[in-house]
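Residue numbers (our numbering): 18 to 774. Report on the structure given below.
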């Protein structure tokens, strides 16, 4: 929020006490060395009398890992910090290096350093290998009291000219955040406003560093919007903690950030296939469900997961986890019949217990539902009549909720869509563990999704757990997959949906999906077909709507053809997609990448928000125009069209027009893509029928192509090189026929052979 009235004045009614100096630098010489403390009075201190009747802010700088420095700013330390707190994992026993000089200290965490100097002006300068990154400059740190007595802590970090800011969760406005005010406060606000389901107090910049504000409650960011040359962030209370995270590349920033807050695990191979749902308010029963499954099979449209949305339970009963007997009289038998078709089953849930649910009285009597400070169960009629909220800070409530889900798993359900978790009350609320209600508002989703994901992991095994979650905060990437929420069925909403995904992927989230065709309304056939291409070239793909179904034949026969084309393309890329997932688990780099993430040194890539890299090799530009027009930015190098093999030299913008069955899809120079011929389901043995497609290899290029292990199969490695105009490929562990292809020429092989082209 803004505390100033222009540059010189404070906002009326607000008392802003800014750090006016830096005093008493001290170094921790104990076992926890690598900590520097300093104090900052809020007015100049030149005489003994100046030390009276003045606030003294404390600042602590700690090197917690290579490339990571933690900063804690405190006014009144005696105010209780009730939590919750983000779980931050740092190397145990890590020690930073301290260099001292008269009146100055440099604290180093690897190449990252902060320089502090005692004096009349507050200044903390951050650098990497001597290169300036950002700084907390004079007038930056402040303690603020608002007109209602609410206290805030504030920090401002400098921006250099031309520096771009990205991230802050899944945000649907402009991808580059400069000039925006961003409030980290989870809301169920759709995809067309400044509100967001997934708020993450982390940003990274084009200057090669990131900032993680480690505050679980609301954080207000002014990104060059209060002071044009600074990013300001503030929180309610008497303390503020943040981490400065070094790069120098944005991928390296994400690696370090996700090492602190957790990385996405591998999700099951079957989750990469197509998900189809009943949609939300449509009329459906078992006959409807089986007609959808039959229709997909009859039209040769491979399907992996069938999802039952809200009305698998009775209206007014959400959630009681009981199948509606009027529409699903034999749920166990139905699930068995669906799974006999080779499909997985997902069902919708949320963390709310309606008053009519049989679980309401049970949860209330046992203390499992959130209570007010008066001791009553908190209730609302928004969404479900008289609904209450499961208190996941109570371990017994967690066990109770898990038990209800366990019954569904025992019945044959494979995974859950963990919807909602955003509208969490903050006034007059008493959590079981005494948590601060303001901080629990955003953090609630972490407890909710963790409860469900850990149950699935325990029951299904490592790498076999997956959710379809809507809300999240920092660290939520550990409980994938997340989808983009309630968008509209328009080209404009396709654009805002993509911007949200790019922002989320810039915030440490490896996987992301969205409702193909849009959620609200019914898309016209053109929108649906264009969205099919976009959705099936995202990390995960789901057909879902609100009051109309999304089976392709509901639109026209061409939609069926487009769906089949892109489903098979997706499945053919499974060796590549699963390698990207494994890379995300190991490094925190997302599967879908904003252009700046893959090309950080290309100024032309910094503001592009209508396309993305799917991994390091494929450039995808969804068509968001009824006439099929698209503008695509191609960075430096030779780019090859996936469709016809034509090449374009970058860097340049190109204008293209595409029919409904294609979109701009380019392959980066020097790529070797393993493409499988097994396109019936994502769990197939990809290596049993493989083609290595080479794009733009030049003499001297050498590539190791890993076809990752899955479902008990061993990994296969191919060694590909080009020398003297000849491409050579050698297999190690091949299980069947494979081929080498470049420029339309193809050579076949079998087993551990060596071939040339």
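Think of the CB as a built atom: it goes at the ideal place given N, C-alpha and C, for glycine as much as any other residue. Bear in mind the structure is a predicted one, so any value in this text is a computation, not a measurement.
Item, Value
"Segment contact, 8 Å Cβ cut-off, at least three pairs: the region 507–525 with the region 230–243", "no"
"Residue 208 classed as buried or exposed, judged by whether at least 16 other C-beta atoms fall within 10 angstroms", "buried"
"Three-state class that DSSP yields for residue 522 in the structure shown", "helix"
"First through last residue of the beta strand (DSSP E) which encompasses residue 142", "141–145"
"Reference residue 640; option with closest CA among 673, 660, 621 and 622", "673"
"CB contact flag (residue 129, residue 261, <8 Å)", "yes"
"CB contact flag (residue 399, residue 440, <8 Å)", "yes"
"C-alpha gap between residue 220 and residue 158, whole angstroms", "19 Å"
"Cut-off 6 Å between Cβ atoms - residues of its own chain near residue 450, not counting five sequence neighbours on either side", "410"
"Within 8 Å, strictly: CB atoms of residue 287 and residue 699", "yes"
"Cβ neighbour criterion (16 or more within 10 Å) applied to residue 69", "exposed"
"Option in 648, 548 and 608 with minimal Cα separation from residue 579", "548"
"Among 205, 691, 225 and 245, the one whose alpha carbon lies nearest that of residue 775", "What is shown of the chain runs 18 to 774, which leaves residue 775 out entirely."
"Option nearest residue 341 by Cα separation, candidates 491, 303, 363 and 743", "303"
"The region 104–119 in contact with the region 306–316 per 3-pair CB rule at 8 Å", "no"
"Spatially closest choice to residue 528 from 519, 536, 535 and 534, by CA coordinates", "519"
"Cβ-based burial, residue 74 [other Cβ within 10 Å; buried from 16]", "buried"
"Three-pair Cβ contact test at 8 Å for the region 521–540 versus the region 169–187", "yes"
"Cβ of residue 154 within 8 Å of any chain B Cβ", "The chain labelled as chain B is not found in the depicted structure, where only one protein chain is given."
"Span of the alpha helix (DSSP H) around residue 458", "454–477"
"Contact the region 170–180 vs the region 221–229: 3+ CB pairs below 8 Å", "yes"
"Through-space distance from residue 216 to residue 403, alpha-carbon basis", "27 Å"
"The region 647–662 / the region 683–692 touching (three or more Cβ pairs under 8 Å)", "yes"
"Residue span of the alpha helix (DSSP H) that contains residue 17, given as start and end", "The chain is shown from 18 up to 774; residue 17 falls before or after that span and cannot be answered."
"Pair within 8 Å by beta-carbon distance, residue 707 and residue 670", "no"
"For residue 89 and residue 36, the rounded distance between their alpha carbons", "14 Å"
"Three CB pairs or more closer than 8 Å across the region 197–214 and the region 162–172", "no"
"Exposure of residue 233, with buried meaning 16 or more beta-carbon neighbours within 10 Å", "buried"
"Cα-Cα separation, residue 362 to residue 108", "39 Å"
"Nearest neighbour of residue 736, chosen from 60, 350, 743 and 720 [CA to CA]", "720"
"Where residue 338 sits in the DSSP three-state scheme", "coil"
"Neighbour-count burial assignment, residue 749, 16 or more Cβ in a 10 Å radius", "exposed"
"Touching by the beta-carbon criterion (3+ pairs, under 8 Å), the region 587–603 and the region 714–733", "yes"
"Separation of residue 746 from residue 752, as counted between CA atoms", "15 Å"
"Buried versus exposed call for residue 566 [16 or more other C-beta atoms within 10 Å across all chains shown]", "buried"
"Reduced DSSP secondary structure (H/G/I, E/B, other) of residue 295", "coil"
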